[in-house]
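**Student:**
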Amino acid sequence: MTSKVALISGASGGIGAAVAQHLQAEGWSLSLGARREDALSKNFPEAHVVHQDAMKADEATWANSAIDHFGRIDAVICSAGAMVARDPIEIEDAELNQMWEINVNSPRRLIKACWTPLAASGTGRVVILASLSGKRVRSPKAASYAMTKHAAVALSHGIRKKGWDLGIRSTAICPGFVDTEMARKVTDFPASEMTSCADVATMVRLAVNAPNNASMAEMFVNCSAEDQY
Ligand SMILES: NC(=O)c1ccc[n+]([C@@H]2O[C@H](COP(=O)([O-])OP(=O)(O)OC[C@H]3O[C@@H](n4cnc5c(N)ncnc54)[C@H](OP(=O)(O)O)[C@@H]3O)[C@@H](O)[C@H]2O)c1
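For my numbering, add 357 to where a residue sits in the sequence shown, where the first one is 1.
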């Protein structure tokens, strides 16, 4: 049987790279996109790799190339993300627009470009790496990022509604701090106590492998006693 195919954005680092490692080890074929395509090719020599910049709206080119290469797409995992830690009054339009593009608009375009093969799969899976910042606003500085992550959670629910009768299931994974460059830039919380990328990757595996009638809409992931809402 041909192995299932997953597209993963943001696989050049952090959570996305861990997800790619876990799915590859499980036998999935991978199509990976990021700006640092050299890192993708080096770390995943067997994967289909494309240069992808979420700011350039080139997701359809990536999806078409993956379809030409594999002939199928069974899962789309949206891990590319950006955070500007500024409150809604001080943030500049360009900074906020960049987060909207990378955290919301680009995932939407990527899922849209993969819609036909996801439906053909019968068990198409979408996973959006959202955030607990998609559920609550922790501080003024976290609020602009939280605006985009609330939208990312809504995107996941919208995909879930639209795709249900086609066998497509979407899951929003909502972690607190995960030990990556992104988190280390904005907090003094000890890296060793943050959730690990490997543990988030395990949750992505659970979401993509769950049967159509045991689908998780949201997964909250805590590394401390923080608020969910
Ligand atoms: N770390 C946390 O504490 C945490 C918590 C909750 C949710 N999240 C979310 O989880 C996801 C992964 O975060 P992470 O911590 O793994 O972040 P990370 O280590 O900073 O990695 C971010 C990834 O996004 C890609 N990316 C950034 N800008 C891009 C662009 N313009 N076009 C295409 N790709 C781009 C990067 O690839 P290139 O630089 O190669 O393009 C990189 O692979 C994000 O959506 C983040 O918001 C993270």
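For each residue, glycine too, the CB sits at the ideal point set by N, CA and C.
Note that this is a predicted model, so its numbers are computed, not measured.
Please report the straight-line C-alpha distance between ASN462 and ALA439, rounded to a whole angstrom.
**Tutor:** If you number the sequence shown from 1, residue 462 lands on position 105. If you number the sequence shown from 1, residue 439 lands on position 82. Roughly 12 Å separates the two Cα atoms.
**Student:** Given a cut-off of 7 Å on the beta-carbon distance, is the pair ALA509 and ALA476 in contact?
**Tutor:** Here the question's residue 509 lines up with position 152 in the sequence shown. Here the question's residue 476 lines up with position 119 in the sequence shown. Cβ distance not < 7 Å, so ALA509 and ALA476 don't count as in contact.
**Student:** From the DSSP output, in three-state form, read off ARG392 for me.
**Tutor:** Against the sequence shown, residue 392 aligns to sequence position 35. Three-state DSSP puts ARG392 in coil, outside helix and strand.
**Student:** Would you say the segment 392-406 touches the segment 464-479, given that touching needs at least three Cβ pairs under 8 Å?
**Tutor:** No: fewer than three Cβ pairs fall under 8 Å.
**Student:** Excluding five sequence neighbours on each side, which residues of the same chain lie with their C-beta closer than 8 Å to the C-beta of HIS514?
**Tutor:** Mapped onto the sequence shown, residue 514 falls at position 157. Contacts found: SER527, ALA529 and ALA574.
**Student:** Taking buried to mean at least 16 other C-beta atoms within 10 Å of its own C-beta, is MET412 buried or exposed?
**Tutor:** Position 55 of the sequence shown, counted from the start, is the residue given in the question as residue 412. So MET412 ends up on the exposed side.
**Student:** If we count Cβ pairs, one from each stretch, closer than 8 Å, do we get three or more for the segment 490-498 versus the segment 534-541?
**Tutor:** With a cut-off of 8 Å, the segment 534-541 and the segment 490-498 do not count as touching, because too few Cβ pairs lie within range.
**Student:** What is the DSSP secondary structure of VAL441, reduced to helix, strand or coil?
**Tutor:** Counting from 1 along the sequence shown, the entry for residue 441 is found at position 84. DSSP places VAL441 in coil when its eight states are reduced to three.
**Student:** How about ALA423 and LEU364: are their beta carbons less than 7 Å apart?
**Tutor:** Position 66 of the sequence shown, counted from the first residue, corresponds to residue 423. Position 7 of the sequence shown, counted from the first residue, corresponds to residue 364. Yes. Within cutoff.
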